[in-house]
Ligand SMILES: Nc1ncnc2c1ncn2[C@@H]1O[C@H](COP(=O)(O)OP(=O)(O)OP(=O)(O)O)[C@@H](O)[C@H]1O
Ligand SMILES: [Mg+2]
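Residue numbers (the UniProt record's numbering): 1 to 356.
1. Quick check on residue 148: does DSSP put it in helix, strand or coil?
2. Let me know if residue 32 comes out buried or exposed under the rule of 16 or more other beta-carbons within 10 Å of its beta-carbon.
3. Strictly by DSSP, which residues pair up with residue 294?
4. CB residue 178 to CB residue 156, shorter than 7 Å?
5. For the alpha helix (DSSP H) that contains residue 214, what are its first and last residues?
6. Roughly how many angstroms separate the alpha carbons of residue 106 and residue 187, rounded to a whole number?
7. Would the region 6-20 count as touching the region 112-127 if we require 3 or more Cβ pairs under 8 Å?
8. Would you check if the distance between the CB atom of residue 147 and the CB atom of residue 164 is smaller than 7 Å?
9. Between residue 131 and residue 262, what straight-line distance do the alpha-carbon atoms span, to the nearest angstrom?
10. Given this structure, state the Cα-to-Cα distance separating residue 232 from residue 294, to the nearest angstrom.
11. Taking its Cβ as the centre, do 16 or more other Cβ atoms sit within 10 Å of residue 235, making it buried, or is it exposed?
12. Pair every Cβ in the region 301-311 with every Cβ in the region 72-88, then say whether three or more of these pairs are closer than 8 Å.
13. Considering only heavy atoms of ligand 1, does any lie closer than 6 Å to the CB of residue 16?
14. Terminal residues of the continuous alpha helix (DSSP H) containing residue 235?
15. Where are the alpha helix (DSSP H) runs, 4 residues long or more, that stay fully inside the region 137-212, in chain order?
16. Taking 7 Å as the threshold (C-beta atoms), are residue 101 and residue 199 in contact?
17. Using 6 Å as the cut-off, classify the Cβ of residue 23 as near or not near the heavy atoms of ligand 2, replying yes or no.
18. Can you grab the Cα-Cα spacing for the pair residue 289 / residue 117, in whole Å?
19. For the alpha helix (DSSP H) that contains residue 307, what are its first and last residues?
20. How many angstroms separate the CA atom of residue 137 from the CA atom of residue 328?
21. Can you give me the C-alpha to C-alpha distance between residue 284 and residue 277, rounded to a whole angstrom?
22. So residue 18 and residue 5 are supposed to be a Cβ contact under 8 Å. How far apart are they, rounded?
23. Within its chain, find whatever has a CB closer than 8 Å to the CB of residue 144; leave out the 5 residues flanking it on each side and keep chain order.
24. Whole angstroms are fine: how far does the CA of residue 335 sit from the CA of residue 321?
25. For residue 122, which option in 170, 216, 222 has the closest C-alpha, if you only look at C-alpha atoms?
26. Ignoring anything shorter than 3 residues or poking outside the region 66-131, list the beta strand (DSSP E) runs there in chain order.
27. Near residue 184, what residues of its chain come up, given a Cβ to Cβ distance below 8 Å and the 5 sequence neighbours on each side ignored?
28. Please state if the CB of residue 58 and the CB of residue 280 are separated by a distance shorter than 7 Å.
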C-alpha cells in the first residue's frame with residue numbers, strides 16, 4: 001500500500017524545510033514565497049524499532065520498513081482559486097494523496113516574510129481551508145454538466161450526479177466534505193481535497209515548543225483533527241546528527257520524540273492504519289494495513305494471490321516473540337496462534353501466511 005501524504009500551506013511557512021527533513025533530500029527551501037513551483041515527491045521510511053529486533057532474532061539480511069510518500073507543492077494564497085499567487089493548479093498534484101498535512105506557521109522569526117503580513121495561525125487555517133473548499137467546488141462544478149450528460153446517455157448512474165450536487169451544497173455552506181456526513185463513494189474518482197483526512201503540522205520555534213498552554217490553544221484550533229508540533233528547521237538539523245546528539249538536541253527543546261517520528265505516527269493514526277510484520281533470513285519487513293483489517297486482506301497487501309488463496313496464518317504478537325526469543329519457543333509456550341479468515345489483525349503481529 002503506497003501511502004501518500006500531500007503537504008499544503010501558505011507560501012514560506014516551511015513546507016519544503018519539513019519535506020527536506022522528511023526525505024533528507026535537498027529541495028530548494030528558501031526565504032522567499034513561492035520558492036517551490038514543481039511538486040516534489042519523497043519516500044520516507046516509517047521508523048519502527050521492532051524491525052531491528054526481529055532482524056536480530058531471524059538473522060535477516062535486511063530490514064524493509066513501511067513507507068510513506070510525501071508530496072511538496074507550491075504555496076497557496078488567499079484568492080488562489082481566482083488565480084492569486086501561483087493559482088491553485090498545484091493542488092492537482094495532491095488529488096491522488098491519501099491524506100493532507102497542512103503546515104501552519106507558528107514560528108516568529110521576523111526575517112522570514114509572512115505573505116499575509118504577520119504570524120496568524122487561525123487566519124492562515126481559515127485561508128487554506130477556504131481555498132481547499134473553493135478548489136473542490138471548481139472540480140465539482142466542472143464535473144456536474146459532464147456527468148449530467150452521461151446520466152442522460154445512461155453512461156453514469158443518477159446517484160453520481162446526486163452526490164455531486166449534495167457535495168456542492170455542503171461546500172457552499174462552508175462544510176468540508178469529510179465533515180459533511182455524505183456518502184462520497186460515487187465521487188471518489190474526483191480526488192476531492194476536503195474529503196481527505198487532514199492532520200495539522202504547526203511549524204513553530206522553541207518558544208512555542210516549550211509552551212504547553214500555547215500548544216493547547218493551537219491544537220484547539222484544529223480539533224478534533226490531530227496536531228503535530230515541530231520546528232522544521234531543527235528537524236532538518238536533527239537528521240544529520242548521530243542518535244545521541246539528536247536526543248540531546250531534542251531534549252533541549254523539551255521533546256522526547258522527533259517531530260518527524262511524531263508526524264509518521266500521527267499520520268498513520270489519522271489514516272486508521274497499522275502495520276504487521278514478517279521476518280525470515282532474507283528480510284524483516286513491515287506491511288501497512290487498515291486498522292480492523294481481517295487476515296486475508298492483510299495477506300493481500302503482499303500479493304493478491306495470498307488473499308485469494310488464503311488458508312490460515314500463524315500469528316505471534318511481537319512482544320510474545322521477543323519474550324520467547326524464537327518462534328520455536330513461542331510455539332512451545334502456546335503463543336503462536338493459528339488464525340483463520342475472520343481474524344482481525346493487531347498492530348505488530350508477526351505473521352506467517354499459509355496459502356494454497
Ligand atoms: N521553524 C522555523 N523557524 C524559523 N525559520 C523557519 C522555520 N521553518 C522554516 N523556516 C524558514 O522559512 C523559510 C521558508 O521555508 P520553506 O522554503 O521551507 O517554505 P515553503 O512553505 O516551502 O515556501 P514556498 O511555498 O515558497 O515553497 C526558509 O528560510 C526556512 O529556513
Ligand atoms: Mg517550498
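Note that CB positions come from ideal geometry on N, CA and C, so glycine has one too.
This one's a predicted model, so the numbers in the text were calculated from it and none came from an experiment.
Taking the definition as stated:
1. By 1-based counting over the chain shown, the position of residue 148 is 148. If DSSP states are grouped into helix, strand and coil, residue 148 belongs with the helices.
2. As a first step, residue 32 must be located in the chain shown, where it is residue number 32. With fewer than 16 other Cβ atoms within 10 Å, it is exposed.
3. As a first step, residue 294 must be located in the chain shown, where it is residue number 294. According to DSSP, residue 294 bridges with 344.
4. For the purposes of this step, residue 178 is taken as residue 178 along the chain shown, with counting starting at 1. For the purposes of this step, residue 156 is taken as residue 156 along the chain shown, with counting starting at 1. Their beta carbons are not under 7 Å apart, which means residue 178 does not touch residue 156 by this criterion.
5. Position 214 of the chain shown holds residue 214. It spans 212-222 - the alpha helix (DSSP H) in which residue 214 sits, taken as one unbroken run.
6. Working through the chain shown from its first residue, we reach residue 106 at position 106. Working through the chain shown from its first residue, we reach residue 187 at position 187. Note on geometry: alpha-carbon atoms of residue 106 and residue 187 lie some 35 Å from one another.
7. Using a C-beta cut-off of 8 Å, the region 6-20 makes contact with the region 112-127, since at least three inter-stretch Cβ pairs fall below that distance.
8. Within the chain shown, residue 147 is the residue found at index 147, counting from 1. Within the chain shown, residue 164 is the residue found at index 164, counting from 1. Yes; because the gap between Cβ atoms is below 7 Å, this pair is in contact.
9. Here residue 131 refers to the residue found at position 131 of the chain shown. Here residue 262 refers to the residue found at position 262 of the chain shown. Cα atoms of residue 131 and residue 262: separation of roughly 27 Å, rounded to the nearest angstrom.
10. For the purposes of this step, residue 232 is taken as residue 232 along the chain shown, with counting starting at 1. For the purposes of this step, residue 294 is taken as residue 294 along the chain shown, with counting starting at 1. The straight-line gap from Cα to Cα measures roughly 37 Å.
11. As a position in the chain shown, residue 235 is number 235, starting the count at 1. So residue 235 counts as buried.
12. With the rule of 3 Cβ pairs closer than 8 Å, the region 301-311 does not count as touching the region 72-88.
13. Your numbering for residue 16 matches position 16 in the chain shown. Yes, the beta carbon of residue 16 sits closer than 6 Å to at least one heavy atom of ligand 1.
14. One-based indexing of the chain shown puts residue 235 at position 235. If you look at residue 235, you'll find it in the alpha helix (DSSP H) that goes 232-238.
15. As far as the region 137-212 is concerned, its whole alpha helix (DSSP H) runs of at least 4 residues are 158-172, 206-209.
16. Your numbering for residue 199 matches position 199 in the chain shown. Your numbering for residue 101 matches position 101 in the chain shown. Yes.
17. Locating residue 23 in the chain shown gives position 23, where the first residue counts as 1. Not under cutoff, so the answer is no.
18. Looking up residue 289 in the chain shown gives position 289. Looking up residue 117 in the chain shown gives position 117. So the alpha carbons of these two residues sit roughly 43 Å apart.
19. In the chain shown, the residue the question calls residue 307 occupies position 307. 304-308 is the span of the alpha helix (DSSP H), which, as asked, contains residue 307.
20. Along the chain shown, one-based indexing puts residue 137 at 137. Along the chain shown, one-based indexing puts residue 328 at 328. Near 58 Å, if we compare the C-alpha coordinates of residue 328 and residue 137.
21. Counting from 1 along the chain shown, the entry for residue 284 is found at position 284. Counting from 1 along the chain shown, the entry for residue 277 is found at position 277. A straight line joining the alpha-carbon of residue 284 with that of residue 277 spans about 7 Å.
22. Your numbering for residue 18 matches position 18 in the chain shown. Your numbering for residue 5 matches position 5 in the chain shown. Contact between residue 18 and residue 5 is absent: CB atoms are separated by about 11 Å, not below the 8 Å threshold.
23. The residue given as residue 144 occupies position 144 in the chain shown. Hits under 8 Å: 161, 164, 165, 168.
24. For the purposes of this step, residue 321 is taken as the residue at position 321 of the chain shown. For the purposes of this step, residue 335 is taken as the residue at position 335 of the chain shown. Answer to the nearest angstrom: the Cα atoms are 8 Å apart.
25. Against the chain shown, residue 122 aligns to sequence position 122. For the options 170, 216, 222, the alpha carbon positioned closest to that of residue 122 is the one of 222.
26. Correct list: 67-72, 99-105.
27. Along the chain shown, one-based indexing puts residue 184 at 184. Excluding sequence neighbours, residue 184 sits near 163, 167, 177, 192, 195.
28. Within the chain shown, residue 280 is the residue found at index 280, counting from 1. Within the chain shown, residue 58 is the residue found at index 58, counting from 1. Closer than 7 Å, so yes.
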